[in-house]
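Trainee:
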Amino acid sequence: MLPEIYYIAIIVLLLIAYFWQLNVSRRGNLHASKTVEEAHSKSLDIIHSAIKKSQDIQSQAEIESLRITAEGKLMDDKFQDKIQAETNQLFEKFEENLSNYLTQTQNRSTKAIELELQAARSLIDSYKSGQLRVIDENIVAILEKTLSIILTKKLSLADQMDLVYKALEKAKAEKFFV
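What follows is the structure in C-alpha cells.
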C-alpha cells in the first residue's frame, strides 16, 4: 500500500512541474491560454483524483491496521485465556498428585508403624512366655526341694504345713523367684 502512495506522490509532483512549465510558457504565449486552461483544469482534476485515491488508500490502510490490531488483541486474549486454563489444569493435577502422594505416604507409614507394633508385641509375648516358663520351672524346683525335705521326715500335717511355709520363705530369701 505504501508503494502506491509513493507513486501517487511522484505523479502529483510531475503534474505540478508540468503545470509550472505550462504557466511559464503561458506567460510567453497567450495564444495557448485556452489549451493551458483546459490542461490546468484537467491537471486539477487529476490532482484531486490522486489526492482522493491517496486518502482512500490511507483510510483503507488505517482500517486494515485497526483490523489487524483488533485481531491481534483477540488472539492475545484467547492465548491468555488458554494459558490461564492450562495453568489451572496444571495446578489441579499437581494438587491431585500431591494429595495422592501424601495419602500413599500416610498409608505406608501406617503400615510400617503397624508392623513395628506387631514386632514389639511379638517380642513382648516371647519375653512373657520365657519369663512364665522360668517361673514355672522355679515353682517346680521349689516344690521338688520342698517335697524332698518333707518326704524325708515323718511329720504331722501341721508340721508339714509349717515346713512348706518355711521352705517358701527360704526360697524367697534366696531369690529363687524372679
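The sequence shown runs contiguously to residue 362 in my numbering.
Glycine included, C-beta positions come from ideal geometry on N, C-alpha and C.
Where does residue 287 land, buried or exposed, given buried means 16+ other C-beta within 10 angstroms?
Mentor: That one is exposed.
Trainee: Taking one C-beta from the stretch 312–329 and one from the stretch 343–355 each time, how about it: are there three or more such pairs within less than 8 Å?
Mentor: Touching, yes.
Trainee: Since residue 231 and residue 196 are thought to touch, with beta carbons under 8 Å apart, how far apart are those beta carbons, to the nearest angstrom?
Mentor: With 8 Å as the limit, residue 231 and residue 196 qualify as a contact, their Cβ atoms being about 6 Å apart.
Trainee: Out of curiosity, what's the CA-to-CA distance linking residue 238 and residue 276?
Mentor: Approximately 56 Å, taken between the alpha carbons.
Trainee: Is it right to say residue 325 is buried, meaning 16 or more other beta carbons lie within 10 angstroms of its own, or is it exposed?
Mentor: The residue in question, residue 325, is exposed, as its Cβ has fewer than 16 Cβ neighbours within 10 Å.
Trainee: Taking just the CA atoms, how far does residue 250 sit from residue 257?
Mentor: If you take the alpha carbons of residue 257 and residue 250, they lie about 10 Å apart.
Trainee: Is the distance from the Cβ of residue 243 to the Cβ of residue 199 below 9 Å?
Mentor: No. Outside cutoff.
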